[in-house]
Each structure stands twice: as C-alpha cells, then as structure tokens.
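A.B. asks: Chains as they are written, first to last, in the numbering used here: chain A, 20 to 332; chain B, 20 to 332. Ideal Cβ positions, reconstructed from N, Cα and C, are used throughout, including at glycine.
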C-alpha cells in the first residue's frame with residue numbers, strides 16, 4: 020500500500036471481491052485481508068431470474084474495479100448449493116437457476132477463481148472471522164428475516180456437507196402445520212419468518228396496509244394485545260426449537276442476525292427463559308444469545324473472506 | 020503374539036478394556052487394536068446407584084484380566100458427560116451419579132488411563148471404525164431401544180461439545196406432547212422409544228401382560244389393526260423428524276441400531292418414503308438408511324476403540 024498525492028493507494032495490495040446475492044438487492048464489495056470494505060456498490064436483483072442478464076450485471080460491476088488486485092470472487096447465494104462444485108441446485112425464491120454451474124460460468128467470463136456458498140453460511144463466516152462469533156468452537160447462527168436462514172459452526176468451522184447445508188429452517192416443530200416454501204409443512208420457518216408473522220398480524224387486525232415485524236414488536240411493547248400475543252407465540256416457538264438445537268449442539272453462542280435482531284433486546288430474556296426451561300441443563304450451560312455484529316454488509320464481508328480462506332491467503 | 024502349547028498368547032500385545040454400562044447389564048471386554056473381542060463378561064447393573072459398589076464390581080472384573088497388557092479403560096455411560104474431564108453430569112435413569120468425577124476415581128483405583136463418553140457416541144464410534152459407518156464423512160446415528168440414543172458423525176469425527184452431546188432424542192416435534200424423561204414434553208423420544216410404543220399398544224388392546232416392540236412389529240405384519248396403526252405412527256414421526264435432520268446434515272448414512280433395528284426390514288421403505296416426501300431434495304440426495312452391524316457387543320468394542328484413539332495407538 021503506497022500513499023500517492025495524499026490518497027491511499029490500494030491497487031498493489033491483495034483484495035477479495037464479495038457478492039451478497041439477495042432477493043431484492045445484490046450487494047458487491049471489495050474487501051482487504053482483514054475483512055474491511057474498500058469499495059462497495061449494490062444493484063436491484065428483483066429480476067434476476069435470467070442467468071445471462073444477472074451475470075452480465077455482476078461482471079459489469081466488477082469491471083469497475085479492474086485497477087484493483089482482485090484475487091478472486093466469493094458469492095453468497097439464497098439457496099441450495101453444491102459447494103464443492105460451485106453449482107446451484109435451486110434458489111427457492113428465484114426461478115431460472117435450477118442446476119446452474121455458476122462457478123464455471125463466472126470463472127470463464129472473468130478469468131478469476133470463484134467460490135460459491137449459501138448466504139447464511141457466508142453471514143456466519145463473516146461473524147465467525149471478524150464479528151460476534153470470533154473464536155467460538157460450536158455455535159448456532161440464525162438470520163431472522165423474511166424467512167429463516169441458518170448455519171452451524173462446528174469444531175471451529177462452518178459446517179458443510181455435499182450440499183451447502185445446514186438448512187436449519189426446515190425442521191418440523193408441530194404435527195401438522197402451515198405449508199412451507201420448502202414443500203413440507205409445519206417447519207420452524209413458518210412460525211418465525213417475518214412474512215408469516217406480518218400476515219398473521221394483518222389478518223387478526225383486519226389491516227389492508229403493510230406492517231413490518233419491527234412495528235409489530237413496537238406495538239407489542241406499547242400494549243397492543245394482538246401484537247403481544249403474536250410476538251409471544253413467535254418467541255415461544257423460537258425458544259422451543261432452540262431448546263432442541265441446544266440439546267444437540269450445546270453451543271457456546273446462539274447468534275441472531277437479520278432484520279428481527281434489531282428487536283432482540285425486546286425478547287432476549289423471554290427467549291432464554293423458554294430455552295432454559297426446556298433444554299437439558301448441562302447442554303445449555305454456558306450458552307449465550309448474542310446479536311450479530313456486522314450489519315447490512317456482512318454478506319459482502321463473508322463472501323470476500325471465503326475467497327481469502329479458499330485461496331489460503 | 021506368540022503361540023505356546025497350541026494356544027494363542029495375547030499377554031504381550033496391547034489390549035484395550037471397554038465397558039458398556041447399560042441400565043440392566045454392564046458388559047465388559049478386552050479388545051485388540053482391530054476392535055476384535057478377546058475376552059468378555061457381563062454383570063447385572065440393576066443396582067448401580069451406589070457409585071462405590073459399582074466401581075468395586077468393575078475393578079474386580081478388570082482384575083481378572085491382570086495378565087493382559089491393558090493400555091487403558093474406556094466407558095460408555097448412559098447419560099450426560101463432560102467428556103474433557105471424564106465427569107458425569109447425571110444419568111437420567113440411574114440416580115446417585117450426579118456430578119461424579121468418574122475418570123478421576125477409576126484412574127486412582129486402577130492406575131490406568133480412563134476415558135468416558137456417552138453410550139450412543141461409543142456405539143457410533145464402533146460402527147464408524149469397524150462397522151456400518153466405516154469411512155463416512157457425515158452420518159446420523161440412532162439407537163432405537165427403550166429410549167432413543169443419538170450421535171452425529173461430522174466431518175469424519177464423532178461430534179462433541181463440552182458435554183457429550185448430541186442429545187438427538189430431545190427435540191420437540193409437536194406443539195404440546197407427552198412428558199419426556201428429560202423434563203420437557205413432546206420430544207421425539209416420546210414417539211419412538213420402545214417404552215412409549217409398548218405402553219400405547221397395551222393400553223389400546225387393554226392387555227395386562229407385557230408385550231415387546233418386536234412382537235408389535237410382528238402383529239402389524241400379521242394384520243393386527245391396532246399394531247399397524249401404532250407402527251405407522253412410529254414410522255411417520257421417525258420419518259418426519261429425520262427429514263428435519265437430513266435438511267440440517269445431508270448425511271451419507273442414517274445408521275439405525277438398538278433392538279428395533281432387528282425389525283428395520285419391515286419399515287425401511289416406508290421410513291425412506293416419509294423422509295423423501297418431506298426433506299429438501301438435494302439434502303436427502305445420496306442418503307442411505309442402514310442397519311448397525313456390530314450387535315450386542317458394539318458398546319464394548321466402541322469403548323475399547325475410544326481408548327486406542329485417545330492414546331494414539
């Protein structure tokens with residue numbers, strides 16, 4: 020790194036390009052070896068069901084950074100991935116990507132190494148390397164957003180199988196429940212995903228306008244009875260499910276990210292009480308619930324760090 | 020190993036002593052480095068709630084093998100263990116062992132290294148090293164007996180946290196269910212553990228005499244309607260739960276051990292159908308359901324192999 024004319028010159032140092040592919044926006048950024056963002060941008064990905072168009076958008080954006088010494092590209096994608104091959108099985112909320120050889124196509128186009136993983140694993144990697152999960156051996160990572168994202172840190176590594184795994188959202192928690200996006204019914208996602216909570220509130224209140232989970236949390240704190248009932252139910256199911264997960268993993272930390280984590284202070288104690296009352300005592304001993312640290316650009320940081328890790332830099 | 024007077028002489032080779040501590044019987048055996056049993060014995064452990072008496076029984080039995088070159092002692096215990104310290108938190112079905120420093124006491128008494136783990140982890144270790152799970156990277160291991168035992172093989176190792184983990188049996192699968200031995204309610208164990216199935220059958224049939232799950236499986240095959248209903252429900256819950264586990268782990272194998280595994284041929288296809296219908300397709304791709312191989316002495320073999328592994332032999 021050299022100083023030239025008073026500005027810092029990054030062009031000679033190694034950088035890693037991270038892409039956080041979301042359902043609404045795709046964020047893209049260059050990070051340095053410490054996970055710091057040097058440059059960033061974002062574009063709408065509402066119409067990303069045409070692979071050719073989406074890949075062109077990505078490569079046009081990357082070309083803007085051509086003066087940087089980019090070592091590789093990391094991508095967090097919202098779906099089920101074959102991580103070894105960099106292959107997309109499918110994206111539940113974006114059609115058109117079934118069995119798509121993403122890594123292969125992008126590497127050919129950009130002549131740079133490409134690494135692909137599920138978005139929740141990428142968030143967890145960022146929090147693990149430079150955020151709230153630094154140094155843990157075993158942790159459960161949940162992103163509470165529109166749906167439920169999940170990842171596991173096991174023995175100091177993000178857990179992977181042949182698929183991106185760990186699909187924590189699709190565990191059935193009732194005998195028969197609402198249909199889930201995955202095709203099954205009664206998955207934990209259908210009790211804790213924003214879209215389900217918002218729909219329930221709108222229905223019970225007979226509202227026609229949209230309402231966000233953040234608002235529902237606020238209404239509950241302001242003694243709106245229906246909001247309170249709905250939030251209590253949300254926390255109850257999340258706690259019951261996490262008691263089961265704690266019995267399996269005895270994690271040091273449960274890290275909560277995603278939009279709902281902004282309201283964590285409102286339900287953390289109640290959530291912990293539900294876990295403690297239902298989990299086996301030695302297995303929840305030492306477990307802490309913490310908020311994810313890295314905010315909106317965590318996915319970009321994680322995707323960049325994935326490249327760094329894979330290239331052994 | 021030398022031959023003397025026509026008999027094989029084991030006294031000079033390394034051996035490992037394995038103890039499988041069960042609720043009814045405790046089995047004890049010497050194994051060689053390949054996991055083969057050289058000597059074995061068993062004794063009743065129905066009254067093992069007096070630590071001093073039980074430890075005396077163990078050491079008296081071990082003394083019989085004093086001519087063998089025993090390198091250490093491994094123990095699979097039916098409860099929650101601190102594996103690092105060889106410490107028992109508690110045994111759900113045997114009182115008197117709360118917070119007991121088992122490793123420390125036994126090492127002092129026998130002047131040999133002692134290693135302690137949960138019994139299900141020990142079964143899984145045996146199957147992993149010399150049985151049905153040889154060479155797998157990720158697998159789920161279930162022992163279907165009186166209760167439900169569980170272990171995970173993750174990234175080619177038996178998963179442990181600070182506690183013995185993975186307590187797979189205590190995951191809630193309904194909103195509100197029967198009280199479970201762990202203190203919570205609606206855990207998967209309360210739907211698939213023998214004691215619950217047998218109780219249900221006896222109640223529905225208004226039987227006064229005891230009946231085993233093996234018999235209930237047989238009755239179901241012979242068209243006993245109530246037996247069929249109960250077995251169908253058992254397989255349904257097991258499949259639904261395993262679909263959730265498959266979504267998390269995308270395991271190569273699901274290994275079924277314990278008494279019920281003897282009837283696996285009667286329900287394997289139905290079980291797989293339930294899993295396949297509810298799990299995400301890429302996550303159950305390549306997964307196979309297999310029967311544990313090592314039978315009644317698996318726990319002794321695993322406990323012996325634990326010693327070998329820990330001592331790096």
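(1) Can you pull the chain B neighbours of residue 97 (chain A), defined as C-beta to C-beta under 9 angstroms?
(2) Give a yes or no on whether the minimum CB-CB distance between residue 294 (chain A) and chain E is below 7 angstroms.
(3) Where do the ends of the beta strand (DSSP E) carrying residue 140 (chain A) lie?
(4) Residues of chain B with a CB under 8 angstroms from the CB of residue 173 (chain A): which are they?
(5) Identify which residue in B:33, B:30, B:41 and B:32 has its Cα closest to the Cα of residue 317 (chain B).
(6) Of the choices A:267, A:296, A:37 and A:303, whose alpha-carbon is the least far from that of residue 171 (chain A)?
(7) Leaving out five residues on either side along the sequence, give the residues of the same chain with a beta carbon under 8 angstroms from the beta carbon of residue 249 (chain B).
(8) Is the region 178-190 of chain A in contact with the region 198-209 of chain A, if contact means three or more CB pairs nearer than 8 angstroms?
(9) Measuring straight from C-alpha to C-alpha, what distance separates residue 104 (chain A) and residue 134 (chain B)?
(10) Which runs of the alpha helix (DSSP H) fall wholly inside the region 160-236 of chain A and span at least 4 residues, in chain order?
(11) Should residue 95 (chain A) be listed as close to the ligand FAD, given that the test is whether its C-beta is under 6 angstroms from any heavy atom?
(12) Kindly list the residues whose CB is nearer than 6 angstroms to the CB of residue 93 (chain B), restricted to its own chain and excluding five residues on each side of it in sequence; keep chain order.
(13) Run down chain B in chain order and give the residues with a C-beta less than 8 angstroms from the C-beta of residue 309 (chain A).
(14) Taking DSSP as the reference, what is the three-state secondary structure of residue 11 (chain A)?
(15) Can at least three beta-carbon pairs, one atom from the region 52-70 of chain A and one from the region 114-133 of chain A, be found at a separation below 8 angstroms?
(16) Would you call the CB atoms of residue 164 (chain A) and residue 277 (chain A) closer than 7 angstroms?
(17) Considering only residues of the same chain and omitting the five flanking positions on each side of residue 106 (chain B), which have a CB-CB separation below 6 angstroms?
(18) Taking C-beta pairs closer than 7 angstroms, name the residues in chain B that residue 187 (chain A) reaches, listed in chain order.
(19) Helix, strand or coil: which one does DSSP assign to residue 257 (chain A)?
(20) Please check if any C-beta of chain B sits within less than 7 angstroms of the C-beta of residue 329 (chain A).
(21) Suppose the cutoff is 7 angstroms on Cβ atoms and the five residues either side in sequence are ignored; what does the same chain contact list for residue 144 (chain B) look like?
(22) Count the C-beta pairs between the region 298-308 of chain A and the region 259-266 of chain A that are closer than 8 angstroms, then say yes if the count reaches three, no if not.
(23) Leaving aside the five residues before and after residue 110 (chain B) along the sequence, list all residues of the same chain whose C-beta is less than 6 angstroms from its C-beta, in chain order.
(24) Take every Cβ of the region 48-59 of chain A, pair it with every Cβ of the region 136-154 of chain A, and state whether three or more of those distances are shorter than 8 angstroms.
(25) Checking the sheet assignment: what are the DSSP bridge partners for residue 88 (chain B)?
(26) Nearest-angstrom Cα distance between residue 314 (chain B) and residue 174 (chain B)?
(27) Which residues mark the beginning and the end of the alpha helix (DSSP H) in which residue 413 (chain A) is found?
(28) What would DSSP say about residue 82 (chain B), mapped onto helix, strand or coil?
(29) Using the DSSP secondary-structure output, state which residues sit across from residue 39 (chain B) in a beta bridge.
(30) Buried or exposed for residue 65 (chain A), going by 16 or more other Cβ atoms inside 10 Å?
(31) What residues in its chain sit with their C-beta under 6 angstroms from that of residue 341 (chain B), if we drop five residues either side in the sequence?
(32) Just the Cα atoms here: how many angstroms apart are residue 331 (chain B) and residue 63 (chain A)?
(33) Is DSSP giving residue 313 (chain B) helix, strand or coil here?
(34) At a CB-CB cut-off below 9 angstroms, which residues of chain B make contact with residue 259 (chain A)?
(35) Indicate whether residue 46 (chain B) and residue 61 (chain B) have their beta-carbon atoms separated by less than 7 angstroms.
(36) Determine the DSSP secondary structure at residue 282 (chain B), reduced to helix, strand or coil.
C.D. replies: Let me spell this out:
(1) Result: empty, since nearest Cβ-Cβ is about 14 angstroms, beyond 9 angstroms.
(2) Considering every chain present, this structure includes no chain E. Its protein chains are A and B.
(3) Note, residue 140 (chain A): premise wrong, no beta strand (DSSP E); alpha helix (DSSP H) at 138-149.
(4) 173, 174 and 178
(5) B:41
(6) A:267
(7) 216, 219, 220, 223, 235 and 239
(8) yes
(9) 40 angstroms
(10) 208-211 and 213-224
(11) You won't find the ligand FAD in this model; it holds no ligand whatsoever.
(12) 37, 134, 322, 323, 325 and 326
(13) Here the premise fails: no neighbours, minimum Cβ distance about 17 angstroms.
(14) In the structure displayed, chain A extends from 20 to 332; residue 11 (chain A) sits before or after that span and is not available.
(15) yes
(16) yes
(17) 120
(18) 267
(19) helix
(20) no
(21) 177, 321, 324 and 325
(22) yes
(23) 97, 98 and 116
(24) yes
(25) B:33
(26) 25 angstroms
(27) What the structure shows of chain A is the stretch from 20 to 332, and residue 413 (chain A) is not part of that stretch, so it cannot be assessed.
(28) helix
(29) B:46 and B:95
(30) exposed
(31) The displayed coordinates of chain B run from 20 to 332. Any statement about residue 341 (chain B) would go beyond what the structure contains.
(32) 55 angstroms
(33) coil
(34) 191, 194, 203 and 205
(35) yes
(36) helix
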